[in-house]
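Q: Let me begin by handing over the structure; questions about it come next.
2 protein chains.
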Amino acid sequence: MTLGSLKHHEYNLGPILPNLAEGPQALSLAEQIATQLAESIINDEYAPGARIHEVAVSKEFQVSRGPVREALRILENAGLVTIQPRRGAIVSNLTVEEVDDTFEIRAVLVGLAARRLARNIASTDLAQIEERIARLQDLTTQADQDAARYVGISQELSFLLCAGTGSERLTSIVYSLFHQTIRYTRIGLSTPERRKTSAKTWAKLLANIQAGAEDEAEKTARELVGHSRAMAIETLRKEQRAD
Amino acid sequence: MTLGSLKHHEYNLGPILPNLAEGPQALSLAEQIATQLAESIINDEYAPGARIHEVAVSKEFQVSRGPVREALRILENAGLVTIQPRRGAIVSNLTVEEVDDTFEIRAVLVGLAARRLARNIASTDLAQIEERIARLQDLTTQADQDAARYVGISQELSFLLCAGTGSERLTSIVYSLFHQTIRYTRIGLSTPERRKTSAKTWAKLLANIQAGAEDEAEKTARELVGHSRAMAIETLRKEQRAD
DNA sequence: CTAACAAGTATTGTTGACATTGTGAATGAT
DNA sequence: ATCATTCACAATGTCAACAATACTTGTTAG
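In structure tokens, the structure reads:
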């Protein structure tokens with residue numbers, strides 16, 4: 004596995020591990036490995052529940068197990084893996100209830116970001132958000148392969164929203180929650196109709212922020228994430244019944 | 004430093020590192036060390052910004068540096084320390100803005116917990132919450148030394164609120180945010196008057212939850228944390244001016 | 001055929017040594 | 001006196017080997 008081996012998704016923008024890239028200091032081996040593993044997990048190269056063997060990773064990156072163990076702890080921070088003492092690390096495998104839960108928490112936090120931006124937003128941030136929302140419209144017509152790209156831009160938008168508030172903490176948490184359920188977000192936005200509804204809500208959110216309507220902005224943001232959530236859960240339950 | 008060496012605060016209830024104690028499996032050395040260090044940090048035995056030297060800790064616990072490094076990563080997850088590559092770990096040292104930010108995020112999340120509980124709460128959880136709120140009243144009369152105990156019960160209440168929703172994720176995040184600012188919460192609730200206001204709001208929140216008033220419960224919960232926040236920030240700014 | 005057991009293997013936990021990088025004191029120049 | 005430079009020391013980063021635990025496979029008894 005190398006840096007350029009992204010499989011079926013290509014968006015690569017935004018910090019995958021927001022806690023890391025804070026200074027110009029060189030990343031340690033552990034952090035480099037964590038970053039690459041994080042990309043692999045987010046790009047579905049590991050199945051949920053799959054075990055991550057320390058020796059396998061250390062061979063792959065040609066390092067000793069020390070940095071690998073540290074990398075796994077970093078990924079645990081990001082919610083991407085679960086570490087069980089003496090049993091190793093597995094790619095986080097959420098139940099339907101946990102997926103639902105994660106979406107709801109994210110909805111509330113994005114709501115907070117929206118509220119803050121409605122109160123006060125920098126014009127440069129606003130412009131970037133506008134540009135992304137315009138691009139969303141173009142991805143609501145074609146077939147399913149647009150889903151991944153749409154979700155990629157959604158991710159950028161979530162990032163811009165949070166980062167625009169100036170809170171690294173909020174950004175970090177929302178990103179973590181986003182990544183934990185990105186697989187299900189893709190599922191939820193798999194049809195053009197669903198993406199159309201989503202894009203409309205994004206536009207409404209933008210209008211609320213521009214109007215400085217704090218309460219409305221928060222509500223719309225919750226609605227926005229809530230929509231993805233409902234779609235994802237619905238599909239998940241169907242899949243579950245099919246098994 | 005041993006397990007019984009708590010300095011000036013004694014409340015010890017609730018999981019300090021919620022991510023850990025999930026199974027009956029024996030804790031690894033790293034997790035034991037993380038737990039003890041977390042207690043020390045929360046009990047103000049380390050000053051914010053103080054460096055935590057790996058060798059010092061490894062000597063103190065008579066283990067090698069490997070588990071210590073892992074413990075520090077676990078504490079990073081909990082937001083208690085900050086790790087800078089090649090520069091080591093320091094006890095998290097928040098700016099006034101970051102403290103403010105952390106309180107606001109927690110307010111929103113506790114608001115979500117309150118909303119969920121208003122929708123559906125188990126009678127056993129309700130009873131436990133009632134009991135704690137009753138105890139809060141007793142700590143609003145005496146002098147400043149009650150503050151730590153009051154905050155301890157507040158912590159238990161936050162935990163009961165979150166745990167009552169059944170969301171481990173929410174509980175974990177709120178706990179992390181709580182611990183990150185516990186020092187400032189103590190400062191914020193240092194006078195009996197402030198604790199009286201806080202206790203009244205807790206009672207109101209309980210009433211909202213019992214009445215099943217979701218919107219009101221969320222609002223009151225935000226108010227509750229917002230109160231601590233305002234008090235803490237006010238005191239912090241005063242202190243800052245004094246320097 | 002299933003269930004319990006046991007031995008062997010694979011994997012994680014821990015250690016101490018070595019390599020690399022950051023830090024601070026001492027020295028010297030401006 | 002202040003600032004830059006050098007060098008020694010201290011701290012973190014990494015490694016490979018050993019220890020302890022968990023898992024798997026094969027066996028045997030029921």
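As given, the protein sequences belong to chains A and B, one line each in that order. Counting from 1 along the first sequence, just add 3 to a position and that's the residue number in the numbering used here. Counting from 1 along the second sequence, just add 3 to a position and that's the residue number in the numbering used here. Cβ coordinates follow ideal geometry from the N, Cα and C atoms, glycine included.
So, do the stretch 129-147 of chain B and the stretch 190-208 of chain B have three or more beta carbon pairs nearer to each other than 8 Å?
A: Yes, the stretch 129-147 of chain B touches the stretch 190-208 of chain B.
Q: Leaving aside the five residues before and after Lys241(A) along the sequence, list all residues of the same chain whose C-beta is less than 8 Å from its C-beta, in chain order.
A: Contacts found: none.
Q: Within 8 Å (strictly less), CB to CB, does Gly69(B) reach chain A?
A: For Gly69(B), the answer is yes, since a Cβ of chain A falls inside 8 Å of its Cβ.
Q: Please confirm whether any heavy atom of the ligand HEM lies closer than 7 Å to the CB of Ala125(B).
A: Absent from the structure shown: the ligand HEM. Ligands present: none.
Q: Mind reading off the beta-carbon distance from Ile185(A) to Val154(A)? Whole number of angstroms is fine, and I expect it under 8 Å.
A: Between Val154(A) and Ile185(A) the Cβ distance is about 7 Å, and since that is below 8 Å, they are a contact.
Q: For Val111(A), would you say it is in contact with chain B, using Cβ-to-Cβ distances shorter than 8 Å as the test?
A: True, the Cβ-Cβ gap to chain B drops below 8 Å.
Q: Going along the stretch 167-198 of chain A in order, which residues come within less than 7 Å of chain B, judged by CB to CB distance?
A: Those residues of the stretch 167-198 of chain A that come within reach of chain B (Cβ to Cβ, closer than 7 Å) are Ser170, Arg172, Leu173 and Ile176.
Q: Could you spell out the range, first to last residue, of the beta strand (DSSP E) harbouring Gln87(B)?
A: Taken as a continuous stretch (DSSP letters only), the beta strand (DSSP E) holding Gln87(B) covers Val84 to Gln87.
Q: Taking the Cβ atom as the reference point for each residue, do Thr223(A) and Ala92(A) lie within a distance shorter than 8 Å?
A: No, Cβ-Cβ distance for Thr223(A) and Ala92(A) is not below 8 Å.
Q: Whole angstroms are fine: how far does the CA of Ile44(A) sit from the CA of Ser157(A)?
A: Distance between the alpha carbons of Ser157(A) and Ile44(A) is about 18 Å.
Q: If you compare alpha carbons, which of Leu129(B), Ala214(B), Gly169(B) and Glu159(B) is closest to Tyr178(B)?
A: Looking at the Cα atoms, Glu159(B) is the closest of the given residues.
Q: Please state the DSSP three-state secondary structure of Gly69(A).
A: Helix at Gly69(A).
Q: First and last residue of the alpha helix (DSSP H) that includes Ala92(A)?
A: Unbroken run through Ala92(A) is the beta strand (DSSP E), Gly91 to Val94; no alpha helix (DSSP H).
Q: Given a limit of 9 Å on CB to CB distance, which residues of the stretch 30-57 of chain A reach chain B?
A: Result list: Leu30, Ser31, Ala33 and Glu34.
Q: Would Ser126(A) be called buried (16 or more neighbouring beta carbons within 10 Å of its own) or exposed?
A: Per the 10 Å Cβ criterion, exposed.
Q: Run through chain A and tell me which residues come within less than 7 Å of Arg76(B), C-beta to C-beta.
A: Correct list: Glu73, Arg76 and Ile77.
Q: Cβ atoms of Gly167(B) and Leu112(B): under 8 Å apart, would you say?
A: For Leu112(B) and Gly167(B), no; Cβs fall outside 8 Å.
Q: Can you name, in chain order, every residue of its own chain whose Cβ lies under 8 Å from the Cβ of Val71(B), other than the five neighbours on each side?
A: Taken in chain order, the residues that qualify are Ala33, Ile36, Glu57, Val60, Ser61 and Phe64.
Q: Excluding the 5 residues preceding and the 5 following Ile55(A) in the sequence, name in chain order all residues of the same chain whose CB lies nearer than 8 Å to its CB.
A: These residues qualify, in order along the chain: Leu40, Tyr49, Leu75, Val84, Gly91, Ala92, Ile93 and Val94.
Q: Which one or two residues does DSSP pair with Arg54(A) in a beta bridge?
A: Arg54(A) pairs with Ile93(A).
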